[in-house]
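Counting in UniProt numbering, the sequence shown runs from 1 upward without gaps. Just so you know, even glycine gets a beta-carbon here, dropped at the ideal spot from N, CA and C. Everything on this sheet refers to the single structure shown next.
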Amino acid sequence: MTDATAPRPRRDNAPSGREAIRRQVRAGFRRALGLTTLGTLLPGAGLTQTRSKRLGWAVLALFLLTGVVVGYVVLRDGITNAALSLVARPSLLQGVAVGFVAIGILWCGSIILTAVQSRPTRLDRTRTRTLAALTTVLVFLVAGSTFKVAEYTFITTDTVNQVFGTTSLGNKQAGSGVNVTTEGDDPWANQPRVNILLLGSDAGADRTGIRTDSMIVASIDTKTGRTALISMPRNLLYAPLAPNSPLRARYPSGHFGAPESTCAQNSPGVTGQCMLTNLYVEAENYAKDHPGAYPAGSVPGRQEIRGAVQEILGLQMNQMVIVDLYGFQQLIDAMGGLDVNVKLSANGTRLTIGGQHDASGRVFGVKGYFEPGRQHLDGYHALWYARTRAADDDTHRQMRQRCVVQAIVQQVNPASMVSRYPEIAKILKQRIFTDIEAQSLPAFVQLVERVQKAKITSVALTSSQGVYSSDPDYALVRELVQKAIAPPKPAATPSTTPSTSKPSSTRTRTPSTPSPTTTPYEQC
């Protein structure tokens, strides 16, 4: 009979007490690594397996609820509209930024607490340092990501407040703006057409005052996206002023430069200083000489240019966008450049980079030349391609400007610009003005999508159409514009009735208004 108190013989394959502890430590170490990683991927999930499980479940529920709400809004409105709806409310956006900071702190705290509470008590120094290093890396990843989102949110709030804030008095004419609606699927249901005035100014350190170097009106059919880009010749004379323009006190004829005034530089008649491109400077100078002529808070140059373009084209300018030359160059670089089909000048020569004409007509100051053919242009060369005119004239420069605008509309990829967002926001704040209001941004995104899918045509107001910059017929200009924006006529149904030829009449016909020159953008 065996003595019950005698020690049992140890099996050779049975682990010793020290080996069992090692195995427990290794298993606990792997568990700690797994729970910490899980808590990083799904906030609070790792903490639910520790003694702070109630806190873990609360954190997890909070994040899941937040995810459900965000997912519902995105599915309901789409990611673009959901984001822009948030952007359109700066106060709410600022609250979101603060929320991201709080989320980042809570998330990082849950990761650290998970690592601390899941760590085995007898963990050796090497494994302790490994767990600590992993926890530190994960915390930095989460903190860096959430705080970067918060930074971008604060930048967006600041940008929206500065660029898309409340429009100053006098920057808009009565009746301008857009009538977008939040009811129904189409925000443009109540606005059949939108006219946007795009101005490129030559403001810079080496310039006195501001001249509107390029002026293009985008007239958009909001239902179809069909767009006409109308180039305004910069050298138009006798531009009609808005009915309420303070400049009418200087020009009682109601036309800029008539009769002779300071813009004529004391020369008889009207000189080049009275061109449409100089109206901005004229208004600013007049406002300095006549305090109180313009409403407080207004920008006289913007007000006069907007009013004159409306009178010239017979279209209400709903919105205005102004970008200076350096800002344009920076934005193109931020896009990654533009693919442009560079062409020869109207004279068959290479287009110049820089250059201007002296009194005898010779070109000087050329910095280089464009080679013809499709090529990728950076901001500097895209800007000069839109500005150059030394090799031909303003008419062909306007055509190149419309082609560059088309390239921007078709090639811009917002997703690829996100990585340079702080830089782009800085450009927007410093180099661009617009009176598009923040709450209208989602509607304008939909409108841009329609424009990208529709036909874009260009309208040139040139001598071939009977429009002469030195003595323009503005009634004719308005007729040409109305023909250009008219909806296309439906295709005629072929007639089955045989036609009977009639003898040609020798009666003199009354000449009709010429059709505007409209060029499909595929020819750019």
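Count the other C-beta atoms from every protein chain shown that fall within 10 angstroms of the C-beta of residue i, then say buried if there are 16 or more, exposed otherwise.
| i | result |
| --- | --- |
| residue 329 | buried |
| residue 17 | exposed |
| residue 174 | Confidence at residue 174 is low in this model, with a pLDDT of 44, below 50, so its placement is unreliable and no value can be given for it. |
| residue 324 | buried |
| residue 255 | buried |
| residue 487 | exposed |
| residue 68 | exposed |
| residue 208 | Below a pLDDT of 50, predicted positions are generally treated as unreliable, and residue 208, at 44, falls in that range; the measurement from the model is reported next regardless. The residue is exposed, with fewer than 16 neighbouring Cβ atoms inside 10 Å. |
| residue 139 | buried |
| residue 570 | The requested residue 570 does not occur in the structure, where the chain is confined to residues 1 to 524. |
| residue 205 | Low confidence applies to residue 205: its pLDDT is 39, below 50, so where it sits in the model is not reliable, and the reading given next is rough at best. Residue 205 comes out exposed. |
| residue 464 | exposed |
| residue 406 | buried |
| residue 180 | buried |
| residue 524 | buried |
| residue 458 | buried |
| residue 133 | exposed |
| residue 522 | Caution applies to residue 522, whose pLDDT of 41 falls short of 50 and renders its modelled position unreliable; the model cannot decide the point. |
| residue 430 | exposed |
| residue 169 | Note on residue 169: pLDDT 38, under 50, position unreliable in the model; the coordinate value appears next. Counting Cβ neighbours within 10 Å, residue 169 comes out exposed, since fewer than 16 surround it. |
Can you check DSSP and say which residues form a bridge with residue i?
| i | result |
| --- | --- |
| residue 216 | 198, 231 |
| residue 339 | 376 |
| residue 319 | 196 |
| residue 258 | 255 |
| residue 240 | 255 |
| residue 471 | Residue 471 is not bridged to any residue. |
| residue 221 | 193 |
| residue 324 | 201 |
| residue 434 | 321 |
So the alpha helix (DSSP H) residue i belongs to, where does it begin and stop?
| i | result |
| --- | --- |
| residue 288 | 279 to 289 |
| residue 399 | 394 to 411 |
| residue 477 | 474 to 485 |
| residue 154 | 125 to 163 |
| residue 429 | 421 to 431 |
| residue 42 | Taken as a continuous stretch (DSSP letters only), residue 42 belongs to no alpha helix (DSSP H), as it is neither H nor E. |
| residue 107 | 90 to 118 |
| residue 300 | 300 to 313 |
| residue 83 | 79 to 87 |
| residue 442 | 441 to 453 |
With respect to the beta strand (DSSP E) encompassing residue i, which residues constitute its N-terminal and C-terminal limits?
| i | result |
| --- | --- |
| residue 50 | From DSSP, residue 50 is part of no beta strand (DSSP E); its letter is neither H nor E. |
| residue 354 | 352 to 357 |
| residue 364 | 363 to 369 |
When you compare each of the options to residue i by their alpha carbons, which one comes out closest?
| i | options | result |
| --- | --- | --- |
| residue 302 | 338, 354, 246 | 246 |
| residue 234 | 125, 198, 132 | 198 |
| residue 555 | 477, 281, 97 | Coverage of the chain is limited to positions 1 through 524, which leaves residue 555 absent and any answer about it impossible. |
| residue 120 | 62, 73, 456, 22 | 22 |
| residue 453 | 466, 290, 432, 220 | 220 |
| residue 320 | 177, 441, 74 | 177 |
| residue 28 | 58, 128, 76, 53 | 128 |
| residue 333 | 369, 95, 282, 420 | 420 |
| residue 135 | 111, 56, 395 | 111 |
| residue 545 | 45, 72, 70 | The structure shown does not extend to residue 545, since the chain spans only 1 to 524, so no value can be given for it. |
| residue 350 | 326, 337, 327, 384 | 384 |
| residue 286 | 141, 365, 248 | 248 |
| residue 213 | 223, 200, 225, 222 | 200 |
| residue 450 | 160, 143, 193, 253 | 193 |
| residue 105 | 367, 337, 158, 146 | 146 |
| residue 164 | 394, 83, 433 | 433 |
| residue 304 | 291, 279, 314 | 279 |
| residue 124 | 79, 24, 190 | 24 |
| residue 381 | 36, 447, 404 | 404 |
Is residue i a contact residue of the ligand SAH, with contact defined as CB to any heavy atom under 6 Å?
| i | result |
| --- | --- |
| residue 292 | As far as ligands go, the structure on display features none, and thus does not contain the ligand SAH. |
Looking at the C-beta of residue i, does it have a partner C-beta in chain B at a distance below 7 Å?
| i | result |
| --- | --- |
| residue 156 | Going by chain labels, chain B is absent from the structure shown, which holds only one protein chain. |
Is the stretch 353 to 362 touching the stretch 387 to 402, taking contact as three or more C-beta pairs under 8 Å?
Segments in contact, yes.
Meets three-Cβ-pair contact criterion under 8 Å: the stretch 436 to 445 and the stretch 78 to 92:
A contact exists between the stretch 436 to 445 and the stretch 78 to 92.
Tell me whether the stretch 336 to 349 and the stretch 371 to 380 touch, counting them as touching only if at least three CB pairs, one residue from each stretch, are closer than 8 Å.
Three or more Cβ pairs drawn from the stretch 336 to 349 and the stretch 371 to 380 lie within less than 8 Å of each other, which places the two stretches in contact.
Determine contact between the stretch 284 to 296 and the stretch 214 to 229, defined as no fewer than three beta-carbon pairs at a distance below 8 Å.
Judged by pairs of C-beta atoms under 8 Å, the stretch 284 to 296 does not touch the stretch 214 to 229, as fewer than three such pairs exist.
Tell me whether the stretch 407 to 414 and the stretch 184 to 191 touch, counting them as touching only if at least three CB pairs, one residue from each stretch, are closer than 8 Å.
Segments in contact, no.
Looking at C-beta atoms only, is the number of pairs between the stretch 100 to 115 and the stretch 46 to 58 that lie closer than 8 Å three or more?
Three or more beta-carbon pairs separated by less than 8 Å link the stretch 100 to 115 to the stretch 46 to 58, which places the two stretches in contact.
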